[in-house]
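Only one structure is covered here, and it is reproduced in the block below.
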Amino acid sequence: MDFGNRIVFIGDSITEWGRFEDTEGIGTGYVRILHDYLRVTYPEKNYEIINRGIGGDRIINLEDRWQKDVLDLKPTTVSISIGINDVWRQLDQPNIEQVYPEQFEEKYRNLLLKLKQELNPTIILMDPTVIEEDINSKGNQALKPYVAVVEKLAKEFDAIRVTTHEAFINYLKKKSGYLLTTDGVHMNSAGNMLMAQTWINEVEK
């Protein structure tokens, strides 16, 4: 994989996952798996992995810290995983101001435009994963238009799309009974492995 050697991963708690407690600042989630995979598989590339996930973030929070946590770092590749909290807040905090699909798309597009104009890195867009390990849950139904936005923007910006939502849904369809999350949203080690595996499969294409 040849897309420079400084990769910024930005997103919510699924991306953050232990980075503040980790001396390397990588964490113990899917970013850690990808860090170790890239380091071991492509040692000559000397990849620098920077984790900028923050728990609870929605697209509006990425907007607030885009300059400091992405543009100022001058990455050669940016991998973005966002959207879960934009939907989850509609379910668990319905009284706060919400981010609906139209606003999600508008703000996401503006961030990608800034990224293209200022740095023009390789862009990797990860679909939001799941809300409850139930294909028909209210959260997973509400996620569909947000996944569609990611698909649309990936085409528009010639980005690599990581179909993590589809990967999780396909896993759930097989009804193994083995859980991938600790609470329906946050990944256990198996869920992190599925995210990382899907990322690698799509990026190495």
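In the UniProt record's numbering, the protein residues as written are 1 to 205.
The beta-carbon is built from N, C-alpha and C at its ideal position, and this holds for glycine as well.
Predicted model, so just to flag it, every value in this text is computed and none were measured.
{"Item": "At least 3 beta-carbon pairs within less than 8 Å: the stretch 55-67 vs the stretch 97-112", "Value": "yes"}
{"Item": "Inside the stretch 95-132 only - beta strand (DSSP E) runs reaching at least 3 residues", "Value": "122-126"}
{"Item": "Reduced DSSP secondary structure (H/G/I, E/B, other) of residue 206", "Value": "Here the chain has residues from 1 to 205 only, and residue 206 is not among them."}
{"Item": "Of the residues Tyr47, Phe157 and Tyr100, the one placed nearest Asn120, counting alpha carbons only", "Value": "Phe157"}
{"Item": "Rounded Cβ spacing between Ile26 and Ile49 (contact assumed at less than 8 Å)", "Value": "6 Å"}
{"Item": "Glu48 - partner residues in DSSP beta bridges", "Value": "Arg6"}
{"Item": "Same chain only: Cβ atoms within 6 Å of Ser79, ignoring 5 sequence neighbours per side", "Value": "Phe9 and Ile124"}
{"Item": "Gly53 versus Val31 - alpha carbon distance", "Value": "10 Å"}
{"Item": "Supposed contact pair Thr163 and Phe3 - C-beta distance, whole angstroms, cut 8 Å", "Value": "In fact, because the Cβ distance is near 19 Å, the residues do not count as touching under 8 Å."}
{"Item": "Close beta carbons around Glu118, own chain, < 6 Å, minus the five adjacent residues each side", "Value": "Leu71"}
{"Item": "Sequence-distant residues of its chain with Cβ nearer than 6 Å to Met126 (five each side left out)", "Value": "Ser81, Val162 and Thr164"}
{"Item": "Check whether Ala167 and Leu34 have beta carbons under 8 Å apart", "Value": "no"}
{"Item": "Buried or exposed (CB count within 10 angstroms, at least 16 for buried), Gly11", "Value": "buried"}
{"Item": "DSSP bridge partner residues for Gly53 (one or two, in chain order)", "Value": "Gly11"}
{"Item": "Enclosing beta strand (DSSP E) for Arg161 [first to last residue]", "Value": "Ile160 to Val162"}
{"Item": "Contact belief for Trp66 with Val185 at Cβ below 8 Å, rounded distance in angstroms", "Value": "With a Cβ gap of about 24 Å, Trp66 and Val185 do not count as contacting."}
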